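Contents: one structure, followed by commentary.
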Amino acid sequence: MTNQADDRLTRYRESIDNIDAALVFMLAERFKITQAVGAYKAEHGLPPADPGREDRQIERLRRLAQEARLDPEFSEKFLRFIIDEVIRHHARMQEG
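Put into structure tokens, the structure is as follows:
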């Protein structure tokens, strides 16, 4: 590989690293909010899951993914993973 190609690859990787860091911070912020939602639900005796909202969110993000030219299947799997983790946290909060 030429030096110019190495520099380009380095720049690409630096951008990927920055994006990964932003994703981690965004997920951390999202989970702070969902923890507050979980506490609210536990306090008011609400169920940890809201299947109707989850379905609407998944459909909404599938549409956004299509607009962004991101595979909607991937976006749904990603969101489903996050939702399942949030529900697990909410259920634990109600147990404790």
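Mapping of the sequence shown onto the working numbering: position 90 corresponds to residue 90, and the numbering continues sequentially without gaps.
Note that CB positions come from ideal geometry on N, CA and C, so glycine has one too.
Note that the coordinates shown come from a computational prediction; the quantities given were computed from them, not determined experimentally.
Taking all protein chains shown into account, do 16 or more other C-beta atoms lie within 10 angstroms of the C-beta of Val24, making it buried, or fewer, making it exposed? exposed
Identify which residue in Val37, Ala68, Glu76 and Asp71 has its Cα closest to the Cα of Arg56. Glu76
Using 10 angstroms around the beta-carbon of Pro38, count the other beta-carbons present and answer buried if the total reaches 16, otherwise exposed. In the sequence as presented, Pro is not what sits at residue 38; that position holds Gly. Result: buried.
Is Thr2 helix, strand or coil when you go by DSSP? coil
Rounded Cβ spacing between Leu61 and Leu79 (contact assumed at less than 8 Å): 5 Å
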